[in-house]
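Following: one structure in structure tokens, then a few remarks.
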Amino acid sequence: MREWLELWFPNVMVRLPEFYKAIRDTLTMFSVAGAFVFVLGLALGVLLTVTRRDGILRNAVIFQALDKAINVFRSIPFIILLTLLLPLTRFIVGTAIGVRGAIVPLVIGTVPFFSRQVEAALANIDGGVIEAAQSLGMSSLGIIFRVYLWEGIPMLARAATITAISLIGSTAMAGAVGAGGLGDFAIKYGHNRFMVDVTWVTVAALVLLVCAVQIVGSLIARATTH
Amino acid sequence: MIRLEHINKTFSDKSGLIHAVRDVTLRVRPGEIYGIIGHSGAGKSTLVRCVNLLERPTSGQVWVDGVELTALRAGELRKARKKIGMIFQQFNLMAGRTVFQNVAIGLQYSGLSRAHIRERVERLLSFVELEGKANVYPSQLSGGQKQRVAVARALANEPRVLLCDEATSALDPQTTQSILSLLQKLNRELNITIVVITHEMSVIKKICQRVAVIEHGAIAEENEVLGLFANPRQQVTKDFLYTTSSLSGVYPLVREDSPVVRLKPGEVLLLMRYGTTQVCQPLVSRMSKQFDLEINILFGDLEIIEGAPMGGTAAIFHGTPENIKSALKFLEAEHITVEVIRDARMA
Ligand SMILES: Nc1ncnc2c1ncn2[C@@H]1O[C@H](COP(=O)(O)OP(=O)(O)OP(=O)(O)O)[C@@H](O)[C@H]1O
Ligand SMILES: [Mg+2]
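Those sequence lines, one after another, are chains U and Y. Letter 53 of the first sequence, counting from 1, is numbered 49 in the working numbering, and no numbers are missing. Letter 88 of the second sequence, counting from 1, is numbered 158 in the working numbering, and no numbers are missing.
Structural data, given as structure tokens:
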């Protein structure tokens, strides 16, 4: 087995510790940034939903401001956002490189996307159900947590899956500007030093990660659809 | 119990202002089942949603159980809404919660203990005859069962009033009957005042005591159900009544000029509607003898509304002009509403 691996993936096998660290770095970026994206995106998506014209907390000012801000951020390509955010990143986490430096642009680059996904998911919830909740005298907060977020779980799981997969892609891209992780590993050796086996193994690792996310997401969506 | 004072509701949309409710003033008495009937777009839903302020009237006041809802602040309004149940055409259950959780949702955070909530939900489910369905999801229920869950949910906070917006319009006739019976049961046993919105006269006939007919956002006429059937004043009301009665069969025949309704010279085709007291009298045979008329009955209809008989007859009268005139006078004296549908006396 080991000989076989060394035959086919020589450049990876001599850098195993570095490869493992790249995987760990990618997972760290993914999970830390993902956690922030999840909470912030959910909050903003809910805010969009309740402040819109027919929302339970209709508020044109908040809605318009949020709507425009999200559009602006979504139209900036991630690779440009990475450089654009350098000063801000330095200010928040003290450094603009490495895993820590990648978190801020990853979050800011993904939250707008996820907010829209959340908004779309919650738009699927029948207005009649919201009305029924209001007729029961439920508070707005109660309706958000016990109706929107509860009824939306299957659709939110799908939205989170799509976002997580796009986040994995961004993580790899962040690697290109010195964030570390699998993207960095692939560029440093596979691209710059023509070690094709490194590229293949990195791609395989990323595909596996995406598949795992997809499977978990689908399972949650299916288990919560009644 | 419910008092609406000069309610107006306008919507503005791209094509301009829509006056959905126009100066509606009405009272619903404690313990009664009050019907509101109107065609699609007449403003029924908007009006009933004004009662619990799901829709805030552009002007006017809403009073429920002695409290002016239009003067309440958000928190107080929420509390007041708990005492005003509402059910909908599309049931509006939460798909992600079981029957039990759907019914219990209005009880959470209300200071009741878990055991108390469980006990009340079980009692409600047995009231709506859904014992054994507590842990089922709505997608596994029939339309009628879903509406029963919605009724149980609406009753959870022990409301004094129940608003029903087309609650049976998505159901088949048999299921409609069973839901209407359920509404009657909770009206009698729990003394809940009910407002029923519908476009079907049969629903009004089955359970309501009083009814308002609404057209273009305004009340066209309001009456006891019996009175409305015996003496409809507005055309829109007559249209609604005809839809429920087999007598309405005469109109298409007239329109198509069917041989059945073709008159010989000197004949008239009359539509007679009886109130409660006259219906049992053998009026037709009496007229026939008394005025020497030949009366050919085309349609007859007899219904029981609120326990009292109501009916009508469409018939062709054949006789001398004087005798027909006397017969019409006789009918008038008997307080029978007569409509001359075809008249060949002049011809
Ligand atoms: N939110 C809204 N915005 C604009 N127009 C509205 C709104 N809600 C209702 N309308 C309009 O108000 C009028 C009355 O509508 P409403 O839903 O009360 O009628 P309805 O009698 O309940 O009809 P249906 O039997 O079809 O349910 C309609 O012309 C409708 O288009
Ligand atoms: Mg309606």
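Just so it is clear, CB atoms sit at the ideal spot from N, CA and C, and this is done for glycine as well.
At which residues does the beta strand (DSSP E) containing residue i begin and terminate?
| i | result |
| --- | --- |
| VAL35(U) | Looking at the DSSP string, VAL35(U) is not in any beta strand (DSSP E); the run it does join, the alpha helix (DSSP H), is 12 to 47. |
| TYR104(Y) | 103 to 107 |
| ASP93(Y) | 86 to 98 |
| LEU237(U) | Lying before the first or after the last residue shown, residue 237(U) is absent from chain U, which here runs from -3 to 222. |
| PHE158(Y) | 154 to 158 |
| THR128(Y) | Element bounds for THR128(Y): n/a, residue is neither H nor E. |
| VAL265(Y) | 263 to 268 |
Closer than 9 Å, CB to CB, is residue i near chain U or not?
| i | result |
| --- | --- |
| LYS152(Y) | yes |
| ALA414(Y) | no |
| SER212(Y) | no |
| GLN217(Y) | no |
| LYS149(Y) | yes |
| TYR344(Y) | no |
| LEU233(Y) | yes |
| ASN227(Y) | yes |
| MET71(Y) | no |
| ALA222(Y) | no |
| TYR179(Y) | yes |
| CYS155(Y) | The question names Cys, but residue 155(Y) in the sequence shown is Gly. True, the Cβ-Cβ gap to chain U drops below 9 Å. |
Kindly give me the distance between the Cβ atoms of residue i and residue j, rounded to whole angstroms, as I take these residues to be in contact under 8 Å.
| i | j | result |
| --- | --- | --- |
| VAL265(Y) | VAL121(Y) | 7 Å |
| ILE394(Y) | PHE387(Y) | 5 Å |
| PRO101(U) | LEU118(U) | Actually they do not touch by this definition, with Cβ atoms about 27 Å apart. |
| ALA222(Y) | LEU194(Y) | 4 Å |
| ILE289(Y) | LYS114(Y) | Contact doesn't hold; Cβ gap of about 11 Å is too wide. |
| ALA116(U) | GLY213(U) | With 8 Å as the limit, ALA116(U) and GLY213(U) do not qualify as a contact, their Cβ atoms being about 16 Å apart. |
| ASN7(U) | VAL199(U) | That pair is no contact at about 14 Å. |
| TYR344(Y) | GLY381(Y) | 5 Å |
| GLN130(U) | ILE161(U) | Between ILE161(U) and GLN130(U) the Cβ distance is about 36 Å, and since that is not below 8 Å, they are no contact. |
| VAL354(Y) | ARG412(Y) | That belief does not hold up - the Cβ atoms of VAL354(Y) and ARG412(Y) are roughly 18 Å apart, past 8 Å. |
| ARG280(Y) | TYR104(Y) | 5 Å |
| ASP63(U) | LEU44(U) | 7 Å |
| ILE19(U) | ALA168(U) | Not quite, the Cβ-Cβ distance comes to about 12 Å (not below 8 Å), so this is no contact. |
| GLU292(Y) | LEU96(Y) | 7 Å |
| LEU139(Y) | ALA150(Y) | 6 Å |
Determine the chain Y residues that contact residue i at a beta-carbon separation under 7 Å, and present them in chain order.
| i | result |
| --- | --- |
| ARG142(U) | ILE175 |
For a contact defined as C-beta to C-beta under 9 Å, what are the partners of residue i on chain Y?
| i | result |
| --- | --- |
| TRP146(U) | MET164, GLY166, ARG167 |
| VAL114(U) | Ordered by position in chain Y, no residue passes the 9 Å Cβ test against VAL114(U), which lies about 16 Å from the chain. |
| THR220(U) | GLY166 |
Which partner residues of residue i appear in the DSSP bridge assignment?
| i | result |
| --- | --- |
| GLU364(Y) | HIS388(Y) |
| TYR344(Y) | GLY381(Y) |
| PHE73(Y) | The residue you asked about is not Phe; residue 73(Y) is Arg in the sequence shown. DSSP, once it has assigned bridges, lists ARG97(Y), TRP133(Y) as partnering ARG73(Y). |
| THR407(Y) | ARG343(Y) |
| THR245(Y) | Per DSSP, none; premise fails for THR245(Y). |
| ALA288(Y) | GLU285(Y) |
| LEU372(Y) | GLY381(Y) |
| ASN293(Y) | VAL281(Y) |
So residue i contacts chain Y; which residues on that side make the cut at Cβ distance below 8 Å?
| i | result |
| --- | --- |
| ASP122(U) | GLN160, ASN162 |
Using the beta-carbon of each residue, which ones in chain U are nearer than 7 Å to residue i?
| i | result |
| --- | --- |
| LEU124(Y) | GLU127, GLN130, SER131 |
Along chain A, in chain order, which residues have C-beta atoms closer than 8 Å to that of residue i?
| i | result |
| --- | --- |
| ILE149(U) | Going by chain labels, chain A is absent from the structure shown, which instead holds the protein chains U and Y. |
So is residue i in contact with chain Y if we call contact Cβ pairs under 9 Å?
| i | result |
| --- | --- |
| SER27(U) | no |
| SER214(U) | no |
| GLY97(U) | no |
| MET134(U) | yes |
| GLY138(U) | yes |
Starting from residue i and walking both ways along the alpha helix (DSSP H), at which residues does that stretch end?
| i | result |
| --- | --- |
| ARG193(Y) | 184 to 197 |
| LEU118(U) | 94 to 119 |
| VAL217(U) | In the sequence as presented, Val is not what sits at residue 217(U); that position holds Ala. That run of the alpha helix (DSSP H) goes 192 to 219. |
| ARG230(Y) | Per DSSP, ARG230(Y) belongs to no alpha helix (DSSP H) and is neither H nor E. |
| GLU(-1)(U) | -2 to 4 |
| ARG119(Y) | 114 to 121 |
| TYR321(Y) | 320 to 326 |
| VAL172(Y) | Sequence inspection shows Asn at residue 172(Y); the Val mentioned does not correspond to that position. Residues 169 to 174. |
| THR85(U) | 82 to 89 |
| MET271(Y) | 271 to 277 |
| LEU163(U) | 149 to 170 |
| GLY214(Y) | 213 to 225 |
Anything in chain U within Cβ reach of residue i, meaning under 9 Å, just list it in chain order.
| i | result |
| --- | --- |
| TYR104(Y) | Near TYR104(Y) there are no residues of chain U at all, since even the closest Cβ is about 18 Å away, more than 9 Å. |
Name the chain U residues whose beta carbon is nearer than 8 Å to that of residue i?
| i | result |
| --- | --- |
| SER82(Y) | What SER82(Y) touches in chain U: nothing, since even the nearest Cβ is about 12 Å away. |
| SER209(Y) | HIS222 |
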